[in-house]
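Enquirer: In this note's numbering, each residue carries its 1-based index in the sequence shown increased by 491. Please see the structure below; I have some questions.
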Amino acid sequence: MTNHNENFETTLITASTRGDYEAKTGAVNVPIYLSSTFDQEHFDSFGPFDYSRSGNPTRQALENTIAELEHGTRGFAFSSGIAAIASALLTLNAGDHIVITSEVYGGTYRFVTKVLPKYNITHTFADFSNLNEVEAAIQDNTKVLYAETPANPLLGITDLSGVIALAKKHQLKTFVDNTFMTPLYQKPLDLGADVILHSATKFLGGHSDIIAGLAVTKDEEIGNDIYFMQNSMGAILGAQDSFSLIQGIKTLNARLTLESASAEKIAHFLEKSDYVTAVHYPGLTSHPGHTTHFKQATSAGAVLSFELPSKEFTKVFVENVQIPIFAVSLGGVESILSYPVTMSHAAIPKEERDKRGITEGLLRLSVGLENVDDLIQDFEQAFAKAVEATAVK
């Protein structure tokens, strides 16, 4: 039973065992229902579960949890973040149009530019930090404004209240990718958004051990539409991974609080470095979206990006850091350094990356749980190696 007086940190722990799981067994963890099908007691009426593509008790506990955490009506768990995004966008019809932020995850860009056109769903990219540009991009057949804030990889900030007001003015839906902030730090549904999307592989999972996506809806109608796509396409999250994600969510506050504090310290260190040409982190007052971000979020989070003088310098730096892993993805307990040009945003053509400021010297850092002073010392020695190898002064 929901306790509406409990704090969010408590809800992270308690939400998954609401319902009859704990009441029947006393288990502190949701059971893993590794069953593809369910015996029906009656010939002409089925129970709540019949086939695990359509619904599974472990997955339902997860879906109920994320809906509660995001203050939504319904939650949905998918086999990946892009599966959640795709399923939400495929609730649109042929002939519809979306306006989407220019700064967006590469997989979302690929889906919007390469897949949706096959279904005659068109798009316009716009700078979502400029509400006039967003409104100018709206057409008679526009149905959705799609935001990602903070955005990947330059941490651009969308004024959610402003975009949502535009959507309501033009009778549109607002979809928001909330991966970087999670409901711990930002709740777009409370501001009036209609659909929240997560790559739960990242901070919600938190341990680099599963691939998962989540969607949360504000009302039943769009929830029914997304459920129809989930059930029709079958890109559901399995019971074992649903259980793992529930466990990850329970530790979200402890992990992300420490990671975010470390990220802020690293951002200030990088901002003072002679070898860094730019730092992108909403926790810095120099970030153009700093004020807007803290009107709608309670922390700057654990992801930042920074630019180095050249591709050569960047290569030597990456090959000499010892603590962060160099890999695709983010949000794990280990610090993860990535190169957007060939990783998260490789699907975007070079000329489009250049327009978006994704340079060959850009690195994205997801800060983990290592000692922050160790990370800074590691960066200092890698900078020294890069300077020595490239003669940068």
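The C-beta atom is built at its ideal place from N, Cα and C for all residues, glycine as well. Just so we're clear, the structure is a prediction, and the values are computed from it rather than from any experiment.
Between the Cα of lysine 756 and the Cα atoms of Ala745, Lys741, Pro773, Gly647, which residue gives the shortest distance?
Expert: Ranking Ala745, Lys741, Pro773, Gly647 by Cα distance to lysine 756 puts Pro773 first.
Enquirer: How would you label alanine 877, buried or exposed, when you count the other beta carbons within 10 angstroms and need 16 or more for buried?
Expert: Under this definition alanine 877 is a buried residue.
Enquirer: Please say whether threonine 502 and glutamate 559 have beta carbons closer to each other than 8 angstroms?
Expert: Going by C-beta atoms, glutamate 559 is nearer than 8 angstroms to threonine 502.
Enquirer: Return the residue from the list Gly739, Gly697, Ala706 that minimises the CA-CA distance to serine 507.
Expert: Among Gly739, Gly697, Ala706, the Cα nearest to that of serine 507 is on Gly739.
Enquirer: Among Phe567, Phe534, Glu561, His562, whose alpha-carbon lies nearest the alpha-carbon of proline 548?
Expert: Cα-wise, what sits closest to proline 548 is Phe567.
Enquirer: For serine 751, is the classification buried or exposed, using 16 other Cβ atoms within 10 angstroms of its Cβ as the cut-off for buried?
Expert: Flag for serine 751 reads buried.
Enquirer: Among Gln662, Tyr542, Ile557, which one has its Cα closest to the Cα of isoleucine 504?
Expert: Checking every option, the nearest Cα to that of isoleucine 504 belongs to Ile557.
Enquirer: Going by other Cβ atoms of all chains shown within 10 Å of its Cβ, with 16 needed for buried, is phenylalanine 886 buried or exposed?
Expert: Summary: the structure shown does not reach residue 886, with the chain confined to residues 492 through 884, and so no result is reported for it.
Enquirer: Under 7 angstroms Cβ to Cβ from glutamate 561, same chain only, skipping five residues before and after it: list those, please.
Expert: Pro674, Lys678, Leu680, Ile687, Val707, listed in sequence order.
Enquirer: Here's a check: name, in chain order, each residue in its chain whose Cβ is nearer than 8 angstroms to the Cβ of isoleucine 717, leaving out the five neighbours to either side.
Expert: Closer than 8 angstroms at the Cβ level, and outside the excluded window around isoleucine 717, lie Arg565, Phe567, Ser578, Ala579, Thr582, Val686, Ala706, Thr708.
Enquirer: Flag valine 635 as yes when its Cβ comes closer than 7 angstroms to any non-hydrogen atom of the ligand ATP, and as no otherwise.
Expert: With respect to the ligand ATP, the structure shown offers nothing to examine, as it has no ligands at all.
Enquirer: In three-state terms, what does DSSP make of alanine 873?
Expert: If DSSP states are grouped into helix, strand and coil, alanine 873 belongs with the helices.
Enquirer: Does the separation of the CB atoms of serine 543 and glycine 704 fall below 8 angstroms?
Expert: Against a cut-off of 8 angstroms, the Cβ pair of glycine 704 and serine 543 comes out as no contact.
Enquirer: Could you give the distance in angstroms between the alpha-carbon of threonine 604 and the alpha-carbon of histidine 614?
Expert: Distance between the alpha carbons of threonine 604 and histidine 614: 8 angstroms.
Enquirer: Relative to the C-alpha of leucine 646, which candidate in Gly852, Gly792, Asn811 has its C-alpha closest?
Expert: Checking every option, the nearest Cα to that of leucine 646 belongs to Gly792.
Enquirer: Judging by CA-CA distance, which residue of Thr833, Val625, Val606 is the nearest neighbour of lysine 802?
Expert: With distances taken between Cα atoms, lysine 802 lies closest to Thr833.
Enquirer: Going by DSSP, what residue range makes up the alpha helix (DSSP H) through arginine 844?
Expert: It spans 841 to 847 - the alpha helix (DSSP H) in which arginine 844 sits, taken as one unbroken run.
Enquirer: With distance defined between alpha-carbon atoms, name the residue in Val590, Val654, Phe874, Glu810 nearest to threonine 783.
Expert: Here the closest residue by C-alpha is Val654.
Enquirer: Helix, strand or coil for threonine 640? Go by DSSP, reduced to three states.
Expert: If DSSP states are grouped into helix, strand and coil, threonine 640 belongs with coil.
Enquirer: Excluding the five sequence neighbours on either side, which residues of its own chain have a C-beta within less than 8 angstroms of the C-beta of methionine 492, listed in chain order?
Expert: For methionine 492, the predicted structure reports a pLDDT of 41, less than 50, and the residue's modelled location is therefore unreliable. The matter cannot be settled from this model.
Enquirer: Kindly give me the distance between the Cβ atoms of phenylalanine 815 and leucine 856, rounded to whole angstroms, as I take these residues to be in contact under 8 angstroms.
Expert: The sequence given here places proline at residue 815; phenylalanine does not occur at that position. Indeed, because the Cβ distance is near 7 angstroms, the residues count as touching under 8 angstroms.
Enquirer: As an exercise, report each continuous alpha helix (DSSP H) stretch of at least 4 residues that is fully enclosed by the region 669 to 751, in chain order.
Expert: Runs of the alpha helix (DSSP H) inside the region 669 to 751: 673 to 676, 679 to 682, 711 to 724, 730 to 741.
Enquirer: Quick one: what's got a C-beta closer than 7 angstroms to isoleucine 867's C-beta in the same chain, skipping five residues either side?
Expert: So the qualifying residues of the chain are Ile757, Phe760.
Enquirer: Buried or exposed: which applies to valine 606, given that a residue is buried once 16 or more other Cβ atoms fall within 10 Å of its Cβ?
Expert: The residue is exposed, with fewer than 16 neighbouring Cβ atoms inside 10 Å.
Enquirer: Tell me whether methionine 492 sits in a helix, a strand or coil according to DSSP, three-state version.
Expert: Note that methionine 492 scores 41 on pLDDT, short of 50, meaning its location in the model is unreliable; the coordinates nonetheless yield the value given after this. Three-state result, methionine 492: coil.
Enquirer: If you draw a straight line from the C-alpha of aspartate 864 to the C-alpha of valine 812, how long is it?
Expert: Looking at the two C-alpha atoms, the distance is approximately 14 angstroms.
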